[in-house]
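The block underneath contains the structure these notes are about, expressed in structure tokens.
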Amino acid sequence: MAATPMVKAEAVHKSFGRLEVLRGIDLDVQPKEVMCVIGPSGSGKSTFLRCINHLEKIDAGRLSVDGELVGYSERGDRLYELPDREVCKKRSEIGMVFQRFNLFPHMTALENVIEAPTRVKGENRDKAVARALKLLDRVGLGDKVRAYPNQLSGGQQQRVAIARALAMQPKLMLFDEPTSALDPELVGEVLDVMRGLANDGMTMIVVTHEMGFAREVGDSLVFMDAGFIVEKGTPRDVLANPREERTKAFLSKVL
Amino acid sequence: MSATSAPRPEAIRAIPVRHPWRWVAAIVILLIAAGAIYIVATAPDLRWAVVQHFLFQDRIRLGAVATIVLTVIAMVIGVTLGIVLAVMRLSPNPVMSTVSWFYLWFFRGTPVLVQLFFWWNLPLILPTVGAFGHQVNTVDYINPFIASILGLGLNEAAYMAEIVRAGIISVDQGQTEAAMALGMRRTQILQRIVLPQAMKVIIPPTGNETISMLKTSSLAFITTFGELFRVQTEISSFNFRIVELLIVISAWYLFFTSILTVGQYYIERYFARGGQRELPMTPWQRFRRMLFTFHAPPPGPVAPVTMPRAH
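Protein chains in written order, with the numbering used here: chain E, 1 to 255; chain H, 1001 to 1311.
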């Protein structure tokens, strides 16, 4: 019997109004696995990621993280919505990195990183600062701790955003196209940080267009289209020998 | 060969574009303004001695203090209650947002002069008020000052609520999402992430509201509260020097407005940190730049005024 999957999705459905964005997603992500998700825009990959930390509510199916349902508790055969407090606590155990960084512009890099540990976990400020400095050093920004986000390049901002998420010591990291808003020469520095995280055994789900990263770092690769998972396998297999026509068509455009 | 070996060409020193019509316009306007001032200043029945006598007279000074106190307290009530109303309005709780909507509908829908007079006359219809067997006489509590701050403050809250709401909406949705993803609670997100960023949008119209309140406070004369305008009517009903006293209180209003205008610049600069690379100029820097660039921008590559960096 395998260990509890970090993320388990069963027939997950999600609609925005009449638009069905997810039409039955079945997926397991094991602890320490790095799963890359690729697919054309509008295929539902970002929405799926946002469902995992309950930024979006799913309409049907079951979605659980580390063995516990996302956003609900189950007693008997009934689902109860979790109160805000519980949802926040679960979110705090999952890190998320956004395409557009979303750093807090009125705070320095250091303040961005210590905000959640001190406010959400009630951590001692000195301890939080000490760990934040280590994290910023680890992402290569030890000399930028006092800089405001608009004084940093896109790549530097995204690395601060990764440090900010790591400061909560998450058991799972979600990356939503972390390099898509970056100038080409800045992509590498962010991918390097992510590669380091993967090597340290972090469980990661990475929505990306970086096929090179997926091939090299990913343990598994999922191709999504129109709300379905079209194909799943090891990155080498999917990228080199796609079985489905849809995957072949997509890869022929991006590779 | 290499990019660094080529000598740097001499900095450009061009003859700037001249603006002769600016001078013509300035002279014409100065002449018109001087003429208007001359006519008013030499009006045959205007007693400048009276203006001079009353400008710093004790009752006027008390009235000026009363005006400032009233403005400050009414704005504090307005801003505080305005933030509460804006948050209620944006709350997912339908009870909250409806209550806020009705508050705005009522207090924006009736004239502030009517509201002031209403609070002042409240004891007429409600001599006592209380609950759980404990009653108090309203007339003991509704004095001119209380009626004035209630009338002005509660009315202002309705307008401030809309300003604060606009500020909150202006903050990028991604900020809230990032904070949610970190596990922050709704109130924490508002307090720590959204409101500080909304300030940039909230401050300028709030400065405007404060300046507006300074003058709207004159309506409190209806409650017999002794602010500047009330003092003016009381003095001039004895000596009939109405216009002279209007000049006196106008001088005070202008003085306070000028102070508030300068203060607003500095508050805006404070909240611009992290938002803009270059801070907005102080009034003094603006004035200096205008002097230097009125006729033509200064020649050469040197910027006219060096601005301090945000830190």
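For every residue, glycine included, the Cβ atom is placed at its ideal position computed from N, Cα and C.
Note that this is a predicted model, so its numbers are computed, not measured.
Would you mind stating whether residue i and residue j have Cβ atoms separated by less than 9 Å?
| i | j | result |
| --- | --- | --- |
| G1078(H) | N1155(H) | yes |
| A1161(H) | L1085(H) | yes |
| Q1197(H) | V1171(H) | yes |
| R78(E) | G44(E) | no |
| M194(E) | I162(E) | yes |
| K232(E) | L221(E) | yes |
| V21(E) | T47(E) | yes |
| E115(E) | L1070(H) | no |
| F223(E) | I58(E) | no |
| K32(E) | T203(E) | yes |
| R1185(H) | V34(E) | no |
| R1089(H) | W1105(H) | no |
For residue i and residue j, I'd like the C-alpha separation in whole angstroms.
| i | j | result |
| --- | --- | --- |
| M1180(H) | L55(E) | 8 Å |
| V1087(H) | V1194(H) | 11 Å |
| L1260(H) | P1205(H) | 13 Å |
| G1300(H) | R1018(H) | At G1300(H), the pLDDT of 47 sits below 50, so the modelled position is not reliable; the number obtained from the coordinates is stated separately. Distance between the alpha carbons of G1300(H) and R1018(H) is about 15 Å. |
| A165(E) | S1005(H) | 46 Å |
| M1213(H) | L172(E) | 53 Å |
| V1095(H) | V97(E) | 35 Å |
| F1107(H) | G1153(H) | 10 Å |
| V1302(H) | L1291(H) | The predicted position of V1302(H) is uncertain, since its pLDDT is 45 and thus under 50; no value can be drawn from it. |
| P235(E) | V207(E) | 13 Å |
| A60(E) | P170(E) | 26 Å |
| Y1103(H) | R1192(H) | 27 Å |
| T1306(H) | R50(E) | Bear in mind that a pLDDT of 45 at T1306(H), under 50, signals an unreliable position, so the model cannot answer this. |
| F1287(H) | L1030(H) | 18 Å |
| V160(E) | E86(E) | 27 Å |
| R18(E) | D66(E) | 31 Å |
| D137(E) | A128(E) | 14 Å |
For residue i, decide whether its Cβ has a neighbour in chain H, counting only Cβ atoms nearer than 9 Å.
| i | result |
| --- | --- |
| V230(E) | no |
| K90(E) | yes |
| G95(E) | yes |
| D84(E) | yes |
| A116(E) | yes |
| R119(E) | yes |
| M168(E) | yes |
| A165(E) | yes |
| M6(E) | no |
| A161(E) | yes |
Should residue i be flagged as near chain E, meaning a C-beta pair shorter than 9 Å?
| i | result |
| --- | --- |
| A1310(H) | No answer about A1310(H) holds up, because its pLDDT of 46 lies below 50 and its placement is not dependable. |
| I1193(H) | yes |
| A1131(H) | no |
| D1058(H) | no |
| A1181(H) | yes |
| A1303(H) | Residue placement at A1303(H) cannot be trusted, given a pLDDT of 46 that sits under 50; the coordinates are not used to answer. |
| M1184(H) | yes |
| P1094(H) | no |
| E1177(H) | yes |
| P1196(H) | yes |
| G1167(H) | no |
| G1174(H) | yes |
| Q1285(H) | no |
| Q1232(H) | no |
| Q1188(H) | yes |
| M1307(H) | Confidence in M1307(H) is poor, its pLDDT being 45 and thus under 50, which makes the residue's placement unreliable; the coordinate value appears in the next sentence. Not one chain E Cβ lies under 9 Å of M1307(H). |
What do you get for residue i, buried or exposed, if any count of 16 or more other CB atoms within 10 angstroms of its CB means buried?
| i | result |
| --- | --- |
| F16(E) | exposed |
| R1309(H) | Note that R1309(H) scores a pLDDT of 49, beneath 50, so its modelled location is shaky; the value from the coordinates is reported in the next line. Classification of R1309(H): exposed, given that the 10 Å Cβ count is below 16. |
| Y1266(H) | exposed |
| G1263(H) | exposed |
| K144(E) | buried |
| E244(E) | exposed |
| W1048(H) | exposed |
| V1112(H) | buried |
| W1021(H) | exposed |
| N112(E) | buried |
| L1228(H) | buried |
| I1027(H) | exposed |
So, for residue i: in the same chain, excluding its five sequence neighbours on each side, which residues have a beta-carbon less than 7 Å away from its beta-carbon?
| i | result |
| --- | --- |
| Y80(E) | Y72 and S73 |
| A1166(H) | V1201 |
| K89(E) | none |
| F1117(H) | I1222 |
| L986(H) | The shown model of chain H, from 1001 to 1311, leaves out residue 986(H), and the question about it has no answer. |
| R246(E) | D225 and V230 |
Quick one: what's got a C-beta closer than 6 Å to residue i's C-beta in the same chain, skipping five residues either side?
| i | result |
| --- | --- |
| L1081(H) | A1157 |
| V1050(H) | R1241 and E1244 |
| T1067(H) | S1217, E1227 and L1228 |
Just to confirm my understanding: we take residue i, look at its own chain, exclude 5 residues before and 5 after, and list those with CB closer than 8 Å. What are they?
| i | result |
| --- | --- |
| D126(E) | none |
| L69(E) | R62, L63 and L79 |
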